[in-house]
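A.B. asks: Note that the protein sequences, when read in sequence, are chains A and B. Residue numbers for the first sequence follow the working numbering, beginning at 364 and rising by one. Residue numbers for the second sequence follow the working numbering, beginning at 49 and rising by one. Ideal Cβ placement from N, Cα and C applies to all residues, glycine included.
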Amino acid sequence: MRQQPLLRVVKRDRAGLPVQAAAYLTAILAAVLTGAVLLLIQGVDPLDFYGQMFTLAIPGSRYPWRMVENYIKLFVPLLIVSLALALAFKMRFWNIGGEGQFIIGALCASAAAMKLGEQLPQPVMLLVMSLCGLCGGGLYGVFAAGLKVKWGTNETLLTLMLNYLALYLLQFFAETKAPWNLFLDTASARPKFARFPDSAQMLLVPIGPFRLNLSLVAAGLLCAALFVYLKYAKGGYEIAVVGDSPSTARYAGMRVGRIVLRTIFLSAALIGLAGAFYVSTAGILSASVTNDVGWTGVVVAWLAKLNTLGIVATSALITVLQYGCQTASTSYPAIDANFANLLQGVILFLVLAADFFVRFRIVVRGRNGKEDSK
Amino acid sequence: MNGSSDVLTLFLFNIVLVNIPLLYGTVGEILTEKAGSLNLGVEGTMAVGAIFGYLAGCATDSLLTGLLTAFAAAGLCGGLFALLTVTLQANQNVTGLTITTFGLGLYFFVGKGLGERWPAMTDVPALVRGFTAVEVPVLSRLPVAGKALFSHNVLVYLGVLIAALAWWYLNYTKTGLRLRAVGENPAAADSVGVNIQLYKYVHLIAGSGIMGLGGFYMALNMSGSFEGSNCWINGYGWIAIALVIFANWNPLLAILGTLVFGFFNTLQIYAGALAGAFPGALGWLNALPPQMFKALPFLITAVVLIATSVRKREGPGQPASLGLNYFREER
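#1: So what does DSSP say about leucine 369 of chain A, is it helix, strand or coil?
#2: Listed from N- to C-terminal order along the chain, which residues in the segment 158-180 of chain B have their beta-carbon within a distance smaller than 8 Å of any beta-carbon of chain A?
#3: Comparing the C-beta of asparagine 139 of chain B with each C-beta of chain A, is any distance below 8 Å?
#4: DSSP on phenylalanine 628 of chain A, reduced to helix/strand/coil?
#5: Could you confirm whether any beta carbon from chain A is found closer than 8 Å to the beta carbon of alanine 350 of chain B?
#6: Would you mind sorting glutamine 415 of chain A into buried or exposed? The rule is 16 or more other CB atoms within 10 Å of its CB.
#7: Identify, in the order they occur along the chain, each residue of the same chain with its Cβ nearer than 6 Å to the Cβ of alanine 667 of chain A, setting aside the five sequence neighbours on each side.
#8: Among B:Ile147, B:Ala104, B:Pro337 and B:Pro69, which residue has its Cα nearest to the Cα of alanine 118 of chain B?
#9: To the nearest angstrom, how far is it from the Cα of glutamate 734 of chain A to the Cα of valine 726 of chain A?
#10: Can you tell me whether isoleucine 570 of chain A is buried or exposed? The criterion is at least 16 other CB atoms within 10 Å of its CB, across all chains shown.
#11: Please state whether the Cβ-Cβ distance between leucine 448 of chain A and valine 721 of chain A is less than 8 Å.
#12: According to the Cβ coordinates, are tyrosine 387 of chain A and valine 709 of chain A closer than 8 Å?
#13: So, using beta-carbon positions, are asparagine 701 of chain A and glycine 153 of chain B closer together than 8 Å?
#14: Taking C-alpha atoms, which residue in A:Asp408, A:Tyr434 and A:Met454 lies nearest to phenylalanine 573 of chain A?
#15: Per DSSP, what kind of secondary structure is serine 199 of chain B in: helix, strand or coil?
#16: Quick one: residues in its chain with C-beta nearer than 7 Å to the C-beta of glycine 255 of chain B, no 5 flanking neighbours on either side, listed in chain order?
#17: Please check the pair glycine 480 of chain A and phenylalanine 559 of chain A, which I expect to be a contact at CB under 8 Å, by giving their CB distance rounded to whole angstroms.
#18: Of all Cβ atoms in chain A, is any one closer than 8 Å to the Cβ of alanine 290 of chain B?
#19: Return yes when at least one heavy atom of the ligand MN lies under 7 Å from the C-beta of proline 486 of chain A, else no.
#20: For alanine 451 of chain A, is the classification buried or exposed, using 16 other Cβ atoms within 10 angstroms of its Cβ as the cut-off for buried?
#21: Determine, using beta carbons only, whether alanine 248 of chain B and valine 134 of chain B come nearer to each other than 8 Å.
#22: Contact check, glycine 144 of chain B vs isoleucine 99 of chain B under 8 Å by CB: the rounded distance?
#23: Between asparagine 458 of chain A and glycine 501 of chain A, how many whole angstroms is the CB-CB distance? I'm expecting something under 8 Å.
#24: Give the straight-line distance between the Cα atoms of asparagine 298 of chain B and glycine 616 of chain A, rounded to the nearest whole angstrom.
#25: Would you verify that the beta carbon of isoleucine 293 of chain B is, or is not, closer than 8 Å to some beta carbon of chain A?
#26: With which residues is isoleucine 725 of chain A paired in a DSSP beta bridge?
#27: Classify lysine 594 of chain A: buried if its beta carbon has 16 or more other beta carbons within 10 angstroms, exposed otherwise.
#28: Assess, as a yes-or-no matter, whether the segment 684-702 of chain A is touched by the segment 50-63 of chain B under the definition of 3 or more beta carbon pairs within less than 8 Å.
#29: One question on the structure: do glycine 161 of chain B and glutamine 405 of chain A come within less than 8 Å of each other, judged by their Cβ atoms?
#30: From the DSSP output, in three-state form, read off asparagine 433 of chain A for me.
#31: Using DSSP with H/G/I as helix, E/B as strand and the rest coil, what is glutamate 183 of chain B?
#32: Just by C-beta distance, which residues in the segment 690-721 of chain A are closer than 8 Å to chain B?
#33: Using only the alpha-carbon positions, how far apart do isoleucine 63 of chain B and threonine 314 of chain B sit?
#34: Would you call the segment 465-481 of chain A and the segment 625-639 of chain A in contact, with 3 or more CB pairs under 8 Å?
#35: Could one say the Cβ of methionine 524 of chain A lies closer than 8 Å to chain B's Cβ atoms, at least one of them?
#36: In chain A, which residues lie with their C-beta within 7 Å of the C-beta of proline 337 of chain B?
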């Protein structure tokens, strides 16, 4: 018999909490340190930069509440998209079409805003926009899911292509001046998106100097609902079973195709809803409406291990990273908001590496054939 | 009439000149996918190869150093992808997307950081010379096709050569056939003694390196001018992923596919000029929105993807275990 190799890798049940915490904390610390080294190379004081970044430059700001409001504006879409993507990923359906579904949702909501904005009162209008976003995004996603269920079309590649079709559709509306194009500002000679009528703007509830964005409340409720759905509802259980093994699910009498379609519709619809919330908060459509939230959402969902509460925390942190970097870079010309992407990349690489030590054990060959584990 | 045939020649010439990076990206991704790995990091990998290749080429005043550095820098991205997905068993989609985020972040970080010290390509004779056209004897004298196909810079020919070599390698060499076995059924390949990890590492690194060459090409084609807002790669990495499907994982078809996708890409810029030169035959081009040309590669790919799955013809091209990690103890 051949001798066993010196080191080999064995799967294990998840490591205990202390090991997990140590692995992930080390990963994040190492990423932050790497970032600090990179900043030093550029001649930027890392302590000052990180200081501004992690506090969002709120201390010393003239409009501290405004910073929080801007933060929420970026946080809500990322949170909802990540939650929605996690639903699909739990079923091992690789929906990387978040960008496209977000755009379609935003387009549908904007169409409603421009068409009906003058006639409907604000609460009704917001509801209509949300519904349009939900349906638009959901149908766009369910198209890919349907093909996957019926013919086994590769959903990763298909949703990737659909992202670009949606993006160029949005660009088409952004750059084409025509009488039928209801998205544009008729007063402007050059093509330019029009501001929504007042009733289509997101409700901001004033609390002292701070104006609470209603979509944050909606996102909070959504989190709670999803948490309950995944944990206690039949639908959530079915997602888990299909994700583990479609044949088991089939054997147990579940209609796998239907479950996939239902879940992907839900996932894509929520992404469309995030698009509707975002345009309504911004009060205007834009060609870069997604802020890459469809891509970042994949990273967030994965970093959080598809865990609902984990996603809340992770998306809050990633938004700090992105918005903080944006505000901090205003005082350093050599750095721009892309530094957040770099840092985000390093964090994910190291966390993926840390994952390995949580999921696997390295076994060292013992002296007389016995195994020592390390 | 002479003027309008010039427009046509220039249009055909630019199809090749502007779109060869797609070929590099596609061939690199085909090698990667034939090893069973779906690397969605093409865009970022190309960006990393582009910026480091360009800077190295400028620093040493040598085209070759630029090429080698681009290959090495992008190869490192491939090595990172391999380390995470092959050894550490991380999810391929997530890792690939992160390579893109990271690569673009690094691109802007380095470029912004250099600021005023950014080197201009006009100061680097070797790069300018390397990117000027080399006329192929005899063939370049042909009317229209001579200019369009046979008077290009060296890197165009290199790209075609790499594609042809990759095709030969995948179909006619022992290692190439084994590589395909790794992508189809790693457990079976493992059982006959193919070193899966080694095969994956080598081809993931080489594939990413080739993508990096495409990035380097784009840097030179943009005359090495760094813009703070737009990356040189400008979505070509994503088109390359689409092109792999369109070419049915075949490097020779990738050459054809590059010309087809390149046709639409370039048409978007030349639509006005062509419509002007041939008002009778091509006047309708002016009526089409430019975004349609941009969307066409993705639309065609989506249709191809759907059509092949409906006809259940995934066999010949798409590796069966594409995107799945291989863990020996789960056999």
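C.D. replies: In short:
#1: coil
#2: Lys160, Gly161 and Gly163
#3: yes
#4: helix
#5: yes
#6: buried
#7: Gly673, Ile674 and Thr677
#8: B:Ala104
#9: Residue confidence is low: glutamate 734 of chain A scores 48 on pLDDT, short of 50, so the model does not pin down where it sits. Its coordinate-derived value is still stated next. Distance between the alpha carbons of glutamate 734 of chain A and valine 726 of chain A: 7 Å.
#10: exposed
#11: no
#12: no
#13: yes
#14: A:Tyr434
#15: strand
#16: Gly76, Glu77, Leu79, Thr80 and Gly126
#17: 6 Å
#18: yes
#19: For the structure depicted, the ligand MN is absent and the ligand set is empty, with no information on it obtainable.
#20: buried
#21: The amino acid occupying residue 248 of chain B in the given sequence is lysine; alanine does not appear at that position. It is a contact, given that the beta carbons lie within the stated cut-off.
#22: Rounded, the Cβ-Cβ distance is 19 Å, inconsistent with contact.
#23: Contact doesn't hold; Cβ gap of about 12 Å is too wide.
#24: 41 Å
#25: yes
#26: A:Val372
#27: exposed
#28: no
#29: yes
#30: helix
#31: strand
#32: Pro696, Ala697, Ile698, Asp699, Asn701, Phe702, Ala703, Asn704, Leu705, Leu706, Gln707, Gly708, Val709, Leu711, Phe712, Leu715, Ala716, Asp718 and Phe719
#33: 6 Å
#34: yes
#35: yes
#36: Phe535 and Thr539
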